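Have a look at the structure below, then the notes.
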Amino acid sequence: MSQDIATIRVTRYRPEKDAKPFFQEYKVPYRHDMVVLDALNYIKAEIDGSLTYRWSCRMGVCGSCGANIDGEPKLTCASFLHEFKGRTITVEPMTHFPVIKDLVVDMQDFMEKLVKIKPWIIREKETPPEQGEYKQSAKELERYSQFSSCINCMLCYAACPIYGLNEKFLGPAATALAYRYIEDSRDQGKEVRFPIVHEMEGAWECTLVGECSVVCPKGVDPMLAIQKTKILGATNAIKSLLMPRGGR
Amino acid sequence: MVDDGRVEGVTAIEVRTGELVTILGKAVIIATGGCGRIFQFTTNGWIKTGDGMALAYRAGVPLKDMEMVQYHPTLLPNTGILITEAARGEGGHLLNKDGERFLKRYVPNKMELGPRDILSRAEMSEINAGRGFEGPYGSYVNLDLTHLGKITIEDKLPFVKELAEKYLGIDPEHEPIPVRPGQHYMMGGVHTDMHGFTGMPGLYAAGEVACVSMNGANRLGSNSLTECLVFGAAAGRAAARYAVKMESPSFGNPVQGEVMMEEKRIFDQILKHEQGERISSVRTEMQNGMEKHVGIYRDENSLKEGCRIIGDLKTRLSNAIVEDKDHVYNTELVAALELDFMLDVAETIPYSAIQRRESRGAHYRTDYTKRDDANFLTHSMAHKTPGPPRIDYSPVTITRWKPEERVY
Ligand code: SF4
Ligand code: FES
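Chains A and B, in that order, give the protein sequences. Quick note: the first sequence, position 138, residue 137 per numbering that gives the first Met the number 0, numbers continuous. Quick note: the second sequence, position 55, residue 54 per numbering that gives the first Met the number 0, numbers continuous.
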């Protein structure tokens, strides 16, 4: 029996050599249980050591291996070759991001956005650990737990048409993360966080097509978070117009 | 970076530009995790290449108890993805080719709830006796959950179901899951005291990379959390206490310059080779060699072979090529440096294991099957030398709990 072969078409771009990106094709042995990352690793180990892409855990938990596979943003480590039609699979860097080299994109913008929403529990007064934990019931956890499953893979940004048009948009994952803290019963930082989320450009253009929620490999629903923060933002804005600010 | 016996920072590569930088610090805490990728089958992420262990070792800190390598009994054969202990906790059975719950011969009183090391060895014994299954990724045994029923599997083990379906196309309600043992955790690591202090002024370590010795020769499940949270905090506090009383290392001091020169030399050397073998073949042979000769079952001959293989591979790596000569985002160069780290760390394992002529915890010698407290109730310490590692010993401090015989 002749060996089953898959063709992997990968975007190549080495800024020290190439004026612009182009496709390169590699042949790899095809197996039913092979993921796209296995194919890339095969190429790097056996055919071309210069092929450049990111990964680290190989099991869908670190979020570093995203790429556009046959046009869809996906994790290369969690996408089987057999999920795609035919034996030729195209792997490109995630859309909407500047490309550093081959499949590696610049994450700077996303990283800054993550920090901007203050992704930690804010307390009016910190109490020392000796005074015990900040307790939370299972019900309270339920309110935000899906939003805490995000692995920062940025696939939702690659899928988001609004982010593609306006880079200033806080975007799906960062909004979901902000919402995760807003909904956390232990957090007392809403006053600080609201203006940041509310001022985000682009949110009102979000048409709620929900591409972000479709591509998310972790079952996070960023669209829901955007929707909810919009509503919260609106009521909060009205409230602050109507009510004088009192000391607490 | 070590100046006059004191650690004063690290050198690093800005991967994005390929630039070498030095980062000065009054104290350095190593928290880089384990080195599972030395082995063929591991539950670790593939970036676990032992870099932190190698850095401390090269700086002169011994690696302690490196022969104590924990194997986990239930990995998926191809990917090494871990199937949680809960699958056995809920009542799953381990079966050999004859459909037999073979653990009755090894841990009759505990069966599937027995300790990880004994279960891993039992699986290996079954496989070696020809009672395993043969698959495209080597031998395995079955983890059977079919008798647990849909409700238990869906409610209690949803993640197991998801993994089996996703990675094997198997529905565990109707079919057993193929599993095999694989590397899971390093009990050994950078020698530290209770405060994460390595003995070298300015250098601390915490987490799996460190060996504070709370795991002895065999870690119990979840104790890695204690290592991170309790000893991570201890290391942080100790490093902070040290840092506040020290002067900052000065910029542009000679050590900084020397280190840069040395690193440059290495890079130039690695990147200049035009012909030779790929680093990937060296890496694969290391992983296979460690699995085969320094794995679950060891003896004098296999360990000798392990030492030899790693020695040879070190020579081969120094002649291997990195095809990618770019400065920008050179992941192949990073992989070469990581392999260099892995080989240093890997070498300490068979050298430490060969001298421990007994079986203890996760370390099992088929030629010395008994524990020998008279001679080996002691920590091994691997020191870096220009040649193979030098092994000496440091005493075990026993407080409340006396070592006892393991009976199950
Ligand atoms: S929300 Fe989902 S798609 Fe977006 S970064 Fe997080 S895990 Fe990735
Ligand atoms: S490699 Fe970690 S998510 Fe894919």
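Think of the CB as a built atom: it goes at the ideal place given N, C-alpha and C, for glycine as much as any other residue. Just so you know, these numbers come straight off a predicted model, no measurement behind them.
What are the start and end residues of the beta strand (DSSP E) that includes residue i?
i                            : result
lysine 26 of chain A         : 21-28
glutamine 69 of chain B      : 68-74
aspartate 143 of chain B     : 137-143
isoleucine 348 of chain B    : Not the beta strand (DSSP E): isoleucine 348 of chain B falls in the alpha helix (DSSP H), residues 330-354.
phenylalanine 375 of chain B : Looking at the DSSP string, phenylalanine 375 of chain B is not in any beta strand (DSSP E); the run it does join, the alpha helix (DSSP H), is 372-375.
histidine 173 of chain B     : Element bounds for histidine 173 of chain B: n/a, residue is neither H nor E.
threonine 11 of chain B      : In the sequence as displayed, the identity of residue 11 of chain B is alanine instead of threonine. It spans 8-13 - the beta strand (DSSP E) in which alanine 11 of chain B sits, taken as one unbroken run.
proline 171 of chain A       : Here proline 171 of chain A belongs to no beta strand (DSSP E); instead the alpha helix (DSSP H) covers 171-181.
glycine 188 of chain B       : 188-190
serine 393 of chain B        : 389-394
arginine 8 of chain A        : 4-11
leucine 19 of chain B        : 18-23
valine 98 of chain A         : 98-100
proline 72 of chain A        : 71-74
Below 7 Å between beta carbons: does that hold for residue i and residue j?
i                         : j                            : result
glycine 168 of chain B    : alanine 205 of chain B       : no
threonine 365 of chain B  : tyrosine 407 of chain B      : no
leucine 74 of chain B     : arginine 218 of chain B      : no
lysine 63 of chain B      : histidine 190 of chain B     : yes
valine 344 of chain B     : alanine 319 of chain B       : no
proline 72 of chain A     : valine 214 of chain A        : yes
alanine 26 of chain B     : tyrosine 241 of chain B      : yes
histidine 326 of chain B  : glycine 98 of chain B        : no
glutamate 210 of chain A  : alanine 157 of chain A       : no
isoleucine 116 of chain A : isoleucine 46 of chain A     : no
isoleucine 29 of chain B  : valine 243 of chain B        : no
glycine 181 of chain B    : phenylalanine 375 of chain B : no
isoleucine 68 of chain A  : isoleucine 7 of chain A      : no
valine 140 of chain B     : glycine 131 of chain B       : yes
leucine 36 of chain A     : lysine 43 of chain A         : no
tyrosine 162 of chain A   : alanine 224 of chain A       : no
threonine 31 of chain B   : glutamate 262 of chain B     : no
leucine 94 of chain B     : threonine 42 of chain B      : no
alanine 53 of chain B     : valine 1 of chain B          : no
tyrosine 136 of chain B   : isoleucine 99 of chain A     : no
Name the chain A residues that come within less than 8 Å of residue i, Cβ to Cβ?
i                       : result
serine 279 of chain B   : Lys43, Ala44, Glu45, Gly48
arginine 104 of chain B : Chain A residues near arginine 104 of chain B: none, gap ~32 Å exceeds 8 Å.
arginine 15 of chain B  : Ile99
Output the boundary residues of the alpha helix (DSSP H) element that contains residue i.
i                         : result
glutamate 200 of chain A  : No alpha helix (DSSP H) contains glutamate 200 of chain A, which DSSP labels as neither H nor E.
asparagine 40 of chain A  : 35-41
aspartate 50 of chain B   : 50-58
glutamate 121 of chain B  : Correcting the residue type first, residue 121 of chain B is alanine in the shown sequence and not glutamate. Run containing alanine 121 of chain B: 115-127, per the alpha helix (DSSP H) assignment.
glutamate 91 of chain A   : Element bounds for glutamate 91 of chain A: not the alpha helix (DSSP H) but the beta strand (DSSP E), 87-91.
glutamate 164 of chain B  : Here glutamate 164 of chain B belongs to no alpha helix (DSSP H), and DSSP marks it neither H nor E.
leucine 202 of chain B    : No alpha helix (DSSP H) contains leucine 202 of chain B, which is instead part of the beta strand (DSSP E) from 202-204.
asparagine 300 of chain B : 299-317
Just to make sure I have the definition right: I need the residues of chain B whose C-beta is within less than 8 Å of the C-beta of residue i. Which are they?
i                      : result
serine 55 of chain A   : Gly44, Trp45, Ile46
cysteine 64 of chain A : In chain order: nothing, as chain B lies at least about 11 Å away.
So with CB distances below 7 Å, who are the chain A contacts of residue i?
i                        : result
asparagine 77 of chain B : Asp32
valine 321 of chain B    : Gly48
threonine 330 of chain B : Thr51
isoleucine 80 of chain B : Met58
arginine 399 of chain B  : Those do not exist, as arginine 399 of chain B stays about 25 Å from chain A at its closest Cβ, beyond 7 Å.
Quick one: list the residues of chain B neighbouring residue i, beta-carbon separation under 7 Å, in chain order.
i                       : result
proline 14 of chain A   : Val327
cysteine 211 of chain A : Going along chain B, no residue has its Cβ under 7 Å from cysteine 211 of chain A, so there is no contact; the nearest lies around 22 Å.
lysine 73 of chain A    : The premise fails here: lysine 73 of chain A is roughly 14 Å from chain B at the closest Cβ pair, so nothing lies under 7 Å.
cysteine 61 of chain A  : Gly44
alanine 103 of chain A  : Here the sequence assigns valine to residue 103 of chain A, which means alanine is not the residue at that position. By Cβ distance, chain B contributes Tyr328.
Would the C-beta of residue i count as close to the ligand SAH, meaning under 6 Å from any of its heavy atoms?
i                      : result
leucine 167 of chain B : Here the bound small molecules are the ligand SF4 and the ligand FES; the ligand SAH is not part of this structure.
Tell me, please, whether the CB atom of residue i is closer than 7 Å to any CB atom in chain C?
i                    : result
lysine 26 of chain A : Considering every chain present, this structure includes no chain C. Its protein chains are A and B.
| query | Is it true that the region 20-34 of chain B meets the region 307-325 of chain B, where meeting means three or more beta-carbon pairs spaced less than 8 Å apart? | reply | By the Cβ rule, the region 20-34 of chain B does not count as touching the region 307-325 of chain B, because fewer than three pairs are nearer than 8 Å.
| request: Determine, using beta-carbon pairs with one atom in the region 234-246 of chain B and one in the region 377-384 of chain B, whether at least three such pairs fall under 8 Å. | output: Under the three-pair Cβ rule at 8 Å, the region 234-246 of chain B does not count as touching the region 377-384 of chain B.
| request: Count the CB pairs spanning the region 172-190 of chain A and the region 150-161 of chain A that are closer than 8 Å, and state whether there are at least three. | output: The count of Cβ pairs closer than 8 Å, one atom from the region 172-190 of chain A and one from the region 150-161 of chain A, reaches three, so the stretches are in contact.
| message | Check whether the region 192-200 of chain B and the region 1-9 of chain B are in contact - that is, three or more C-beta pairs closer than 8 Å. | response | Judged by Cβ distances under 8 Å, the region 192-200 of chain B makes contact with the region 1-9 of chain B, as three or more pairs qualify.
| Closer than 6 Å from C-beta to any heavy atom of the ligand FES: which residues, in chain order? | The answer, residue by residue, is A/Trp54, A/Ser55, A/Cys56, A/Arg57, A/Gly59, A/Val60, A/Cys61, A/Gly62, A/Ser63, A/Cys64, A/Leu74, A/Cys76.
| task | Kindly confirm or deny that the region 180-189 of chain A and the region 203-221 of chain A touch, where touching means at least three C-beta pairs closer than 8 Å. | result | The answer is no - the region 203-221 of chain A does not touch the region 180-189 of chain A, with fewer than three Cβ pairs under 8 Å.
| task | Give a yes or no on contact between the region 101-108 of chain B and the region 120-132 of chain B, applying the rule of three or more CB pairs nearer than 8 Å. | result | The region 101-108 of chain B is in contact with the region 120-132 of chain B.
| So, do the region 334-350 of chain B and the region 272-291 of chain B have three or more beta carbon pairs nearer to each other than 8 Å? | Contact holds: three or more Cβ-Cβ distances are below 8 Å.
| With a cut-off of 8 Å, do at least 3 Cβ pairs link the region 381-401 of chain B to the region 348-356 of chain B? | In short, these stretches touch, since the Cβ pair count reaches three.
| message | I'd like to know if the region 109-128 of chain A and the region 23-32 of chain A are in contact, where contact means that at least 3 CB-CB pairs between them fall below 8 Å. | response | The answer is no - the region 23-32 of chain A does not touch the region 109-128 of chain A, with fewer than three Cβ pairs under 8 Å.
| Can you find at least 3 beta carbon pairs, one from the region 214-229 of chain B and one from the region 265-281 of chain B, that sit closer than 8 Å? | The region 214-229 of chain B vs the region 265-281 of chain B: no contact.
| message | Tell me whether the region 83-92 of chain A and the region 106-118 of chain B touch, counting them as touching only if at least three CB pairs, one residue from each stretch, are closer than 8 Å. | response | The region 83-92 of chain A, when compared against the region 106-118 of chain B, does not touch it at the 8 Å Cβ threshold.
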